[in-house]
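What follows is a set of notes on a single structure, which appears directly below.
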Amino acid sequence: MKLIPSKFIWMNGRFVPWDEARIHVLTHGLHYGSAVFEGIRAYATPGGPAVFALDAHVSRFYQSCRVVDLPLRHEPGELREAILETVRRNGHDACYIRPVAFRGYGSLGVWPEECDVEVAIATFPWQAYMGPDAVEKGVDVGVSSWRRMAPDTLPAMAKVAGNYVNSQLVVVEARRHGYQEGLVLDVEGFVSEGSGQNVFLVQGGRLHTPPIGASILAGVTRACVLQLAADLGLSAVQMRIPREMLYAADELFLTGTAVEITPIKSVDRRSVGDGRRGPITRSVQQRFFGIVRGEVEDQHGWLTRV
Ligand code: PMP
Numbered sequence: 003m004k005l006i007p008s009k010f011i012w013m014n015g016r017f018v019p020w021d022e023a024r025i026h027v028l029t030h031g032l033h034y035g036s037a038v039f040e041g042i043r044a045y046a047t048p049g050g051p052a053v054f055a056l057d058a059h060v061s062r063f064y065q066s067c068r069v070v071d072l073p074l075r076h077e078p079g080e081l082r083e084a085i086l087e088t089v090r091r092n093g094h095d096a097c098y099i100r101p102v103a104f105r106g107y108g109s110l111g112v113w114p115e116e117c118d119v120e121v122a123i124a125t126f127p128w129q130a131y132m133g134p135d136a137v138e139k140g141v142d143v144g145v146s147s148w149r150r151m152a153p154d155t156l157p158a159m160a161k162v163a164g165n166y167v168n169s170q171l172v173v174v175e176a177r178r179h180g181y182q183e184g185l186v187l188d189v190e191g192f193v194s195e196g197s198g199q200n201v202f203l204v205q206g207g208r209l210h211t212p213p214i215g216a217s218i219l220a221g222v223t224r225a226c227v228l229q230l231a232a233d234l235g236l237s238a239v240q241m242r243i244p245r246e247m248l249y250a251a252d253e254l255f256l257t258g259t260a261v262e263i264t265p266i267k268s269v270d271r272r273s274v275g276d277g278r279r280g281p282i283t284r285s286v287q288q289r290f291f292g293i294v295r296g297e298v299e300d301q302h303g304w305l306t307r308v
């Protein structure tokens, strides 16, 4: 999935042409991972493009920045507007939105405070993250030999660039072993999440997902799925999940802005249920895709018209 350029990128308060959104090679964030980002989607609806869960993403962006001491010059309201304006100016029907804040050029000590914080927002078209069939047919995953970071090492709850070295190790190993994704255990050996997705398990008609304390990123899609489960009258619990529950599960699925809701058809080459998308995964997906496409009433106000 190569990047397809758009016309403009918002950079530190102004729009610049895509090819001119450049930074110096001695940018602090490049050397030390001192950057925070978000991943957001805008969907095509009958009323025009609409951004999904914009406020939740903007507030997580600011929370991540607070965690790693990245003070932003722009207020959340300003950033929110800039996101909408970037989608508008680039004329997308649907797109992926990538806000990023980082320590810029200034000094090259690890101590970051001589480096100004820069912010950018890019938007570009993005198709299904795991290919066109994945949402229906599911993906094969393997439990990673890597672990998520221990709680006192890196801030798992903050969407900080440096954390994604862990994600890269996980996804590269998974692909090398012939899986589409890896599932990662936390430092105590309980299920945490995928390289860039949260995970849900269905057992006996009930949904289960690891809690915040299992080294996960608190996914926006995860929160929406918990709400959708309640709307559908399904019970959903956040609990520590031992690895063996993966092998006994009736259904498993991944959630995230990129993967949306993608069924898992096998774990470590053991098929999940009968290896096909299960009925609960399907009903949560139907409701989710109905809302984001503007076909089902958006009763929680998740869509922001561009
Ligand atoms: N975990 C990680 C590590 C992620 O990078 C993502 C993607 N942002 C998720 C979970 C899913 O989060 P969301 O639903 O907010 O996209």
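In terms of this note's numbering, the sequence shown opens at residue 3 and continues consecutively.
Where a beta carbon is used, it is the ideal one built from N, C-alpha and C, also for glycine.
DSSP, read as helix, strand or coil, puts A158 in coil.
Counting only unbroken stretches of 3 or more residues, no beta strand (DSSP E) element lies wholly within the segment 54 to 99. Residue burial is scored here from C-beta neighbours: V112 has fewer than 16 other C-beta atoms within 10 angstroms and is therefore classed as exposed.
When the five nearest sequence neighbours on each side are left out, no beta carbon in the same chain lies closer than 6 Å to the beta carbon of R75.
The segment 166 to 176 and the segment 136 to 146 touch, with no fewer than 3 CB-CB distances between them shorter than 8 Å. Across the set C117, S8, E77 and I85, the C-alpha of C117 shows the shortest separation from the C-alpha of Y34. Around the beta-carbon of H59, 16 or more other beta-carbon atoms lie within 10 Å, marking it buried. Counting only residues of its own chain and dropping the five nearest sequence neighbours on each side, G106 has a CB closer than 6 Å to the CB of T29, C117, D118 and E120.
Runs of the alpha helix (DSSP H) lying entirely within the segment 5 to 53, each at least 4 residues long, are 30 to 34 in chain order.
For N200, the beta-bridge partners assigned by DSSP are T257. The beta carbon of W128 sits closer than 6 Å to those of Y98, all from its chain and outside the five residues before and after it, given in chain order. Not a single heavy atom of the ligand PMP lies less than 7 Å from the C-beta of Q229. In the three-state DSSP reduction, P281 falls in the helix class (H, G or I). Shown here, L209 sits in a strand according to DSSP, grouped into three states.
Around the CB of K9, fewer than 16 other CB atoms lie within 10 Å, so the residue is classed as exposed.
DSSP, read as helix, strand or coil, puts S273 in strand. Across the set E83, E115 and L171, the C-alpha of E83 shows the shortest separation from the C-alpha of I123. The beta carbons of K161 and V18 sit no closer together than 8 Å.
Shown here, S146 sits in a strand according to DSSP, grouped into three states. Proximity to E246 across F192, D276, L236 and V201 peaks at F192, based on C-alpha coordinates. For A232, the enclosing alpha helix (DSSP H) begins and ends at V222 to D233.
Distance from the Cα of G180 is smallest, within the candidate group G235, T211, G15 and V269, for V269. If you look at V167, you'll find it isn't in any beta strand (DSSP E); it sits in the alpha helix (DSSP H) that goes Y166 to R178. Judged by DSSP in its simplified three-state form, A103 adopts strand.
Secondary structure of R245 (DSSP, three-state): coil. In summary, V298 is exposed, with fewer than 16 beta-carbon neighbours lying within 10 Å of its beta-carbon over all protein chains present.
The segment 151 to 159 makes no contact with the segment 264 to 281: fewer than 3 CB pairs, one atom from each, lie closer than 8 Å.
As the crow flies, the alpha-carbon of C67 is around 43 Å from that of D276. Taking a C-beta distance under 8 Å as the contact criterion, Q287 and I266 do not qualify as a contact pair. Take the alpha-carbon of T125 and the one of Y131: they are about 15 Å apart.
With 16 or more other Cβ atoms from the protein chains shown falling within 10 Å of its own Cβ, N92 counts as buried.
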